[in-house]
Each structure stands twice: as C-alpha cells, then as structure tokens.
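Offset between the sequence shown (1-based) and our numbering: plus 6.
Note that beta-carbon positions come from the ideal geometry of N, C-alpha and C, so glycine has one too.
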Amino acid sequence: VDVEGGEWAVLRGMRRVLEGGRPDLEVIVELTPRWLRMQGVSAAHVIRHMRSLGFYAYKLGDDYQISRSQPLAPVPRPRRMKDGEPLGCDQADVIFSREDVDYL
C-alpha cells in the first residue's frame, strides 16, 4: 500500500478483509510519519492497529538509492520490529504478517 499519505485510511477501510483474510495474508505498507501526522496518527499507532488484527510488523530494508556503479547486493530478510520500536527514518516499508518469527 503506497498511496502517498493515505495509507491509514486504506488500512482502516480494509479492516474486514484483514480480519477475515487467509492465514498467510501479508500486507506491505509504506509508512511516512510526516504524512501520518497529517491524519492525526503515528507509525506506532498504525503498527498497534495492525497488531490488534493479528499482524506483526517487519521492516524492509530502506535503501532507495540506485546507482549504476554499485553491484547488486542481496536484500536482507525483513526483521521483526520490537514493540514500540521507532521507524528510525523518514519513511519505511513495513510488511505486516501473521508469522510470529524474528525474520521473514
């Protein structure tokens, strides 16, 4: 879900789908704290909301830089975020999964 600031509204609207979805349902959401604040919520609020629906948050690597001179490198496995852990950046892609493991 990457809708330039409307992610919270989309997730709220998806509540029934998220509650009734298959056990292996996963959702990738771009979280941008600045845009979430404009909707009156925080990244922590979104993560708590998804946790209440049975989903754990896993942070994807956040290197958006593309360079022709750098060789391709393996992408690190998404790491489960600890409760209350800040995003630590201006924007992050987060996988919400029902899997309860350290890494996806």
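**Request:** Could you check what DSSP says for leucine 78 in three-state terms: helix, strand or coil?
**Result:** Three-state DSSP puts leucine 78 in coil, outside helix and strand.
**Message:** So, under 8 Å CB-CB, alanine 49 and leucine 59 are touching, yes? Tell me the CB distance rounded to an integer number of Å.
**Reply:** Wrong, their Cβ atoms sit about 16 Å apart, outside the cutoff.
**Prompt:** In angstroms, rounded to a whole number, what distance separates the CA positions of glycine 12 and tryptophan 41?
**Reply:** 8 Å
**Message:** According to DSSP, is leucine 42 part of a helix, a strand, or is it coil?
**Reply:** helix
**Message:** By the three-class DSSP mapping on this structure, what secondary structure does arginine 83 have?
**Reply:** coil
**Prompt:** Roughly how many angstroms lie between the CA atoms of alanine 63 and proline 82, to the nearest whole one?
**Reply:** For alanine 63 and proline 82, the distance between alpha carbons rounds to 15 Å.
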